[in-house]
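The structure appears below as structure tokens.
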Amino acid sequence: MPVYEYRCTECGHTFDALQRVGEDGSQLNCPKCKAGHPEKLFSAFASSGGSEASFGGSSAGSSCGPSGFG
Ligand SMILES: [Zn+2]
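Heads up: the sequence shown begins at 2 in the working numbering, then just goes up one per residue.
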């Protein structure tokens, strides 16, 4: 399953999310400020060559079932 990177247009926070077939990123929400309609970034897998990519680093959140909002 392809993972795409998105950037919040409100706070500028970048996060990655799974992009399903037939779905759009407009349904996603910023995990930081809960803002909608994030900006889709170029996937690091698609572009090959000398490009600055940040591997490792911040990885917060727990994958254990659906998390409710507040
Ligand atoms: Zn945000």
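Note that the Cβ used here is the ideal one computed from N, Cα and C, for glycine as well.
(1) Considering Cα atoms alone, identify which of His38, Glu24, Ala36 is closest to Val4.
(2) Return the chain-ordered list of same chain residues with a C-beta closer than 7 Å to the C-beta of Leu29, the five sequence neighbours on each side being excluded.
(3) If the criterion is Cβ atoms closer than 7 Å, does the pair Cys12 and Lys33 meet it?
(4) Taking only heavy atoms of ligand 3 into account, decide whether any of them is closer than 6 Å to the Cβ of Lys41.
(5) With Arg8 as the anchor, note down where its beta strand (DSSP E) starts and where it stops.
In short, the structure shows the following:
(1) Mapped onto the sequence shown, residue 4 falls at position 3. By alpha-carbon distance to Val4, the top candidate from His38, Glu24, Ala36 is Glu24.
(2) Translated into the one-based positions of the sequence shown, residue 29 becomes position 28. Answer for Leu29: Tyr7, Ala18, Pro39, listed in chain order.
(3) Here residue 12 refers to the residue found at position 11 when the sequence shown is read from its first residue. Here residue 33 refers to the residue found at position 32 when the sequence shown is read from its first residue. Cβ distance < 7 Å, so Cys12 and Lys33 count as in contact.
(4) Ligands in the displayed structure: ligand 1; ligand 3 is not one of them.
(5) Within the sequence shown, the letter at position 7 stands for residue 8. Residue range 4–8 is occupied by the beta strand (DSSP E) that includes Arg8.
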